[in-house]
Structures are given as structure tokens and as C-alpha cells.
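Top to bottom, those sequences are chains A and B.
Per my numbering, the very first residue in the first sequence carries number 1; after that it's consecutive.
Per my numbering, the very first residue in the second sequence carries number 1; after that it's consecutive.
Each residue gets a CB set at the ideal place from its N, CA and C atoms; glycine is no exception.
2 protein chains.
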Amino acid sequence: QIRDDVVSLLADGPLRGVKAVVTAGPTREPLDPVRFLTNRSSGKQGYAVAAALRDRGAQVTLISGPTTLPTPPGVTRVDVETAADMLQASMQACADAQLFVAAAAVADYRAAAIADSKIKKHNAELTLALARTDDVLATVRQAYPALFVVGFAAETDDLETHARGKLQRKGLDLIAANWVGQGRAFDQDDNSLQLFWDGGQHAIGHASKAAVAAELADVIVARRAKKL
Amino acid sequence: QIRDDVVSLLADGPLRGVKAVVTAGPTREPLDPVRFLTNRSSGKQGYAVAAALRDRGAQVTLISGPTTLPTPPGVTRVDVETAADMLQASMQACADAQLFVAAAAVADYRAAAIADSKIKKHNAELTLALARTDDVLATVRQAYPALFVVGFAAETDDLETHARGKLQRKGLDLIAANWVGQGRAFDQDDNSLQLFWDGGQHAIGHASKAAVAAELADVIVARRAKKL
Chain A
1 QIRDDVVSLL ADGPLRGVKA VVTAGPTREP LDPVRFLTNR SSGKQGYAVA
51 AALRDRGAQV TLISGPTTLP TPPGVTRVDV ETAADMLQAS MQACADAQLF
101 VAAAAVADYR AAAIADSKIK KHNAELTLAL ARTDDVLATV RQAYPALFVV
151 GFAAETDDLE THARGKLQRK GLDLIAANWV GQGRAFDQDD NSLQLFWDGG
201 QHAIGHASKA AVAAELADVI VARRAKKL
Chain B
1 QIRDDVVSLL ADGPLRGVKA VVTAGPTREP LDPVRFLTNR SSGKQGYAVA
51 AALRDRGAQV TLISGPTTLP TPPGVTRVDV ETAADMLQAS MQACADAQLF
101 VAAAAVADYR AAAIADSKIK KHNAELTLAL ARTDDVLATV RQAYPALFVV
151 GFAAETDDLE THARGKLQRK GLDLIAANWV GQGRAFDQDD NSLQLFWDGG
201 QHAIGHASKA AVAAELADVI VARRAKKL
């Protein structure tokens with residue numbers, strides 16, 4: 001850890017002077033005081049991206065849903081629970097940032113109403129009314145047009161189609177897509193990513209999440225240089 | 001840990017020769033390959049109960065939902081994910097057991113159908129069809145009438161009424177009730193319990209989950225002696 005701190009302090013990389021905001025982990029959307037809806041994101045890939053950007057000289061704020069991971073040294077961490085919390089924290093942190101990497105698996109749906117007391121199990125069936133959460137990526141993108149914005153897409157099918165659709169629809173600069181389900185990516189130590197941008201793509205082969213994050217950070221540096 | 005192992009091997013307590021099954025932690029009910037419904041149980045109280053029963057000489061099998069806790073030394077652990085998994089593992093483990101303590105926060109509802117691929121967020125609102133999970137406590141109780149069965153009730157209101165209702169309805173020998181929500185019990189290191197049985201009750205004051213588990217184990221030993 002001391003070594004990491006020193007690396008961070010000495011970092012004179014291509015992102016020196018850049019303020020970067022990274023989101024990571026799942027969100028939890030409460031149904032009542034004890035139950036919630038969530039997903040299998042461990043936060044590992046996002047934490048590794050935060051460390052990789054720090055290693056390239058960026059000043060990094062990591063906005064994290066509930067995980068069991070230690071904070072990367074030299075990174076400022078903000079803990080959140082719900083998608084609404086994550087949006088608020090992201091909007092605040094991005095106000096003076098130049099780079100936003102949204103690696104969190106933010107819930108798309110929350111309970112339409114949160115019950116004050118524990119829902120009793122009187123019925124054999126129950127329909128749960130869900131409402132869309134506010135879109136963190138799209139909201140941040142619209143609020144800060146000059147920000148370099150990187151999104152993630154976790155897909156179980158039609159990877160490139162879904163990822164390029166999201167890239168265009170949300171006006172992202174870069175999207176990192178990966179396959180999930182059947183034990184892939186989520187909660188694993190290894191990952192692989194397909195990067196897409198307007199007019200190009202780059203494949204990051206199966207490797208540790210730290211190695212994948214390092215390669216992603218290098219592509220971000222290169223793509224950002226083209227845009228500047 | 002070596003000390004714990006020795007204590008376990010030497011244990012010559014009131015539960016010597018007794019096979020005990022303890023469930024702990026939350027369950028996860030998948031909606032699709034990445035999303036799931038769960039609850040705030042950390043598993044700490046159940047793990048502490050497993051250790052307390054071991055300390056009193058029992059041979060303990062701990063059936064655990066997803067937690068980040070280490071297995072108590074000398075305890076056999078079986079990992080499960082869903083309520084259906086927990087029922088199957090409990091039925092199997094209880095076949096030759098004398099004591100069953102169901103401390104897990106088993107999901108009451110699961111998705112009526114699990115989507116094969118990730119649910120896309122096309123709609124602003126979504127209704128999720130849920131179906132009741134099979135009742136682990138009631139099923140085990142009916143299958144093994146001679147088993148001493150201890151249930152838990154986590155309530156946000158009307159503690160005694162809800163707990164005694166569950167005690168009667170499921171034919172339990174003892175029920176341990178606690179308040180949850182607003183940061184109480186779930187994911188905390190301390191707890192307090194109200195124990196109820198047919199014709200009696202006992203309050204365990206606020207203490208560490210290990211101390212609460214020790215007192216609960218002593219009441220189980222005493223109540224079981226009355227029944228034998």
C-alpha cells in the first residue's frame with residue numbers, strides 16, 4: 001500500500017491535472033425496510049479502473065455502491081446505496097471533472113413506492129410495481145457537454161448492437177461492453193471488454209480486471225487526446 | 001482458531017451427540033442473469049448461533065446464503081443461493097438431525113418466471129410478477145415431527161403478535177423475534193431478541209450477537225429438555 005501511495009504521489013502520467021470520476025458496484029433499490037432489488041456487480045472492474053486512472057496521474061473520485069472492496073490508495077471514495085444517490089453524487093463530483101467513467105451497474109428500475117413496514121406475505125402471488133430510475137449516464141452527459149464520458153454495457157446477447165445503440169443514444173465518447181451471466185464478468189477476477197466509439201473499436205482480451213483496466217485507461221487517454 | 005477447534009473437539013456440553021442444523025444469511029432470488037431480489041441479512045446472528053451450539057457439544061451443519069463471513073471452526077458449511085436451494089439443503093441435512101434453528105432471512109417471494117437474458121429497460125414502468133417461495137420452516141416441521149424447531153421472526157411492527165402467530169401457524173417449538181429496519185439488527189454487530197414459546201417467553205437484552213446466541217442456545221437446551 002505504501003508503494004501504491006508513492007506511485008500515486010509521483011504519478012506524472014498523461015492524466016496529470018485531470019479530475020476523473022468513476023462509478024462502481026451495484027445499487028440497491030429498497031422495496032421495504034428489509035428487502036431490496038440489486039444485481040451481481042462486485043465493483044471489482046470499476047475499482048480497478050479508478051486505480052488505473054490514478055496511476056496515469058488523474059485525481060480520482062470513486063462513487064461506489066455497496067461492495068466489500070478496499071478503497072484504492074490515493075482515491076477519494078464516496079459511498080452510495082440507490083441509483084438516485086449515485087446520480088446525485090455523480091452530478092456533484094462531475095461539476096469540476098474532465099473525465100467520467102460509469103462502471104457501476106446502476107439499477108434500471110426501483111420500486112414505484114417503498115413500503116414503510118415489512119411487506120407481509122399474505123398472498124400466493126404479488127405484483128411489484130417498478131418505475132425507471134433516473135439515467136445517471138444520460139443526465140451527466142447532458143449537464144456537462146465538455147466532459148469525456150465512458151459508459152459500460154453489460155449484455156447477455158447482441159453485444160455490439162446493444163453497446164453501439166447505447167453509445168449513440170446517450171452521446172457517449174466511448175463504451176466498454178462485456179458479456180455477463182453464466183458466471184461471466186460479474187463477481188469474477190478476470191474480464192474481457194469490447195470497446196466501441198464512433199468510427200472505431202478495440203478488443204481487450206481476457207485478463208485480470210487490473211490488466212483490463214490498464215488497457216482501457218490507455219485507450220481512454222488516446223481517444224481523449226483525439227477529442228481535445 | 002486453534003483454540004476454537006480444541007474447544008469444539010473437547011466440547012462435552014448439554015448438546016453432545018446432538019446433530020443441529022442452522023440456516024443463516026439472506027437468499028437471492030434471480031429475476032434474470034444479473035438482477036436479483038434479496039434482503040439486508042448479513043448472516044451474523046445465524047453464524048453466531050452455529051458457533052454457540054457447537055460450543056455446547058452439538059455437531060453443527062450451517063446452511064448459508066451469500067455472506068462475507070468466515071465459517072465457524074468445527075462447523076460444516078453448505079452454501080446455497082435461493083430459497084429453493086435452502087429448502088432442499090435443509091430437508092437433506094435435517095433427515096438425521098434433532099435440532100433445527102432457522103435463522104436465515106429466506107425470501108418470501110421469487111420471480112414468477114426468471115428471464116433467460118437481461119431484461120431490457122424499454123418501459124418507464126414495469127410490473128414484476130412474484131410468486132411465494134416454498135416455506136422452509138413449515139416444510140421441515142411437517143416432514144420431521146420429532147425435530148426441535150426454532151424459527152426467527154424479523155418484524156418492523158407488532159412484534160409479539162406476529163411472532164406468536166408464526167409460532168402457532170408453523171408448529172414451532174420456539175421463536176426468536178427481533179425488530180428490524182432503521183438500522184436495527186440486520187448487518188449490525190449487536191442484537192436483542194424476544195423469545196416466545198407456547199406458554200412462556202424470555203427477553204435477551206441488547207448485546208453482541210455472540211452473547212445473544214449463547215443465551216439463545218441455553219434457552220434452547222432448557223426448552224428441549226422439557227420436551228424430551
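Per-residue contacts from residue i into chain B (C-beta, under 8 Å)
i               : result
N39 of chain A  : V34, R35 and F36
T127 of chain A : T127, L128, A129 and L130
Rounded straight-line distance, which links the Cα of residue j to that of residue i
i               : j               : result
L31 of chain A  : A48 of chain A  : 31 Å
L228 of chain A : K19 of chain A  : 15 Å
R141 of chain B : V149 of chain B : 7 Å
S117 of chain B : P66 of chain B  : 23 Å
T76 of chain B  : A51 of chain A  : 38 Å
A159 of chain B : T68 of chain A  : Per the sequence shown, the amino acid found at residue 159 of chain B is Leu instead of Ala. Those two C-alpha atoms are separated by around 32 Å.
T139 of chain B : Q201 of chain B : 25 Å
T38 of chain A  : F100 of chain A : 23 Å
A24 of chain B  : R35 of chain A  : 16 Å
V80 of chain B  : R28 of chain A  : 21 Å
T156 of chain B : V219 of chain B : 24 Å
T61 of chain B  : L128 of chain A : 35 Å
L126 of chain A : G165 of chain B : 22 Å
M91 of chain A  : A217 of chain A : 22 Å
A210 of chain B : D55 of chain B  : 11 Å
G199 of chain B : P70 of chain A  : 49 Å
K226 of chain B : R110 of chain A : 49 Å
I175 of chain A : V106 of chain B : 38 Å
Neighbourhood of residue i by C-beta distance below 8 Å, restricted to the same chain and skipping five residues each side
i               : result
A95 of chain A  : Y144
D12 of chain A  : G57
A203 of chain B : S192, L193, Q194 and L195
L147 of chain A : C94, A97, Q98, L99, F100, V140 and R141
Contacts of residue i in chain A (Cβ-Cβ under 7 Å)
i               : result
D157 of chain B : S117
G144 of chain B : A small correction: the amino acid at residue 144 of chain B is Tyr; Gly does not occupy that position in the sequence shown. The premise fails here: Y144 of chain B is roughly 23 Å from chain A at the closest Cβ pair, so nothing lies under 7 Å.
A163 of chain B : Neighbours of A163 of chain B on chain A: none; closest Cβ ~13 Å, over 7 Å.
Residues that residue i contacts on chain A, provided the C-beta gap is smaller than 9 Å
i               : result
T139 of chain B : In chain order: nothing, as chain A lies at least about 15 Å away.
Residues near residue i by beta carbon distance below 7 Å, same chain, minus five either side
i               : result
D187 of chain B : R40 and S42
I114 of chain A : P30, L31 and D32
H122 of chain B : none
G17 of chain A  : none
Own chain residues within Cβ distance below 6 Å of residue i, not counting five before or after
i               : result
V78 of chain A  : I63 and A89
D135 of chain B : none
Selection from the options that minimises the alpha carbon distance to residue i
i               : options                           : result
R169 of chain B : B:A146, B:L137 and B:D189         : B:L137
R132 of chain B : B:L167, B:E160, B:D108 and B:L147 : B:D108
G205 of chain A : A:H162, A:N191 and A:Q92          : A:N191
Q45 of chain A  : A:W197, A:G165, A:G151 and A:D173 : A:G151
R223 of chain A : A:L195, A:A103 and A:P72          : A:L195
A104 of chain A : A:I119, A:A124, A:M91 and A:A83   : A:A83
L15 of chain B  : B:Q98, B:L130 and B:N178          : B:Q98
P72 of chain A  : A:G165, A:A93 and A:Q59           : A:Q59
W197 of chain A : A:R35, A:L147 and A:G171          : A:G171
H162 of chain B : A:I119, A:D218, A:L216 and A:L128 : A:I119
G74 of chain B  : B:P26, B:L53 and B:L87            : B:L53
P26 of chain A  : A:D85, A:K209, A:L130 and A:D55   : A:D85
V221 of chain B : B:A207, B:D173 and B:G199         : B:D173
L167 of chain B : B:D189, B:A102, B:K226 and B:S208 : B:A102
S208 of chain B : B:R164, B:K226 and B:D189         : B:D189
Under 9 Å from the C-beta of residue i: neighbouring residues of chain B
i               : result
V180 of chain A : P33, V34 and K118
A154 of chain A : V34 and K118
A124 of chain A : A131 and R132
Supposed close pair residue i, residue j - CB separation, criterion 8 Å
i               : j               : result
V180 of chain B : L193 of chain B : Not really, about 12 Å apart at Cβ, beyond 8 Å.
A124 of chain B : V21 of chain B  : Not quite, the Cβ-Cβ distance comes to about 46 Å (not below 8 Å), so this is no contact.
A153 of chain B : A177 of chain B : 4 Å
L87 of chain B  : A112 of chain B : The Cβ separation is near 18 Å, so there is no contact.
Chain-ordered neighbours of residue i on chain A, where CB pairs are closer than 8 Å
i               : result
T67 of chain B  : Going along chain A, no residue has its Cβ under 8 Å from T67 of chain B, so there is no contact; the nearest lies around 10 Å.
A112 of chain B : E125
Y47 of chain B  : Simply none; closest approach about 16 Å.
Distance cut-off 6 Å: residue i Cβ against heavy atoms of the ligand NAD
i              : result
F36 of chain B : Within the structure as shown, the ligand NAD is missing, as the structure has no ligands at all.
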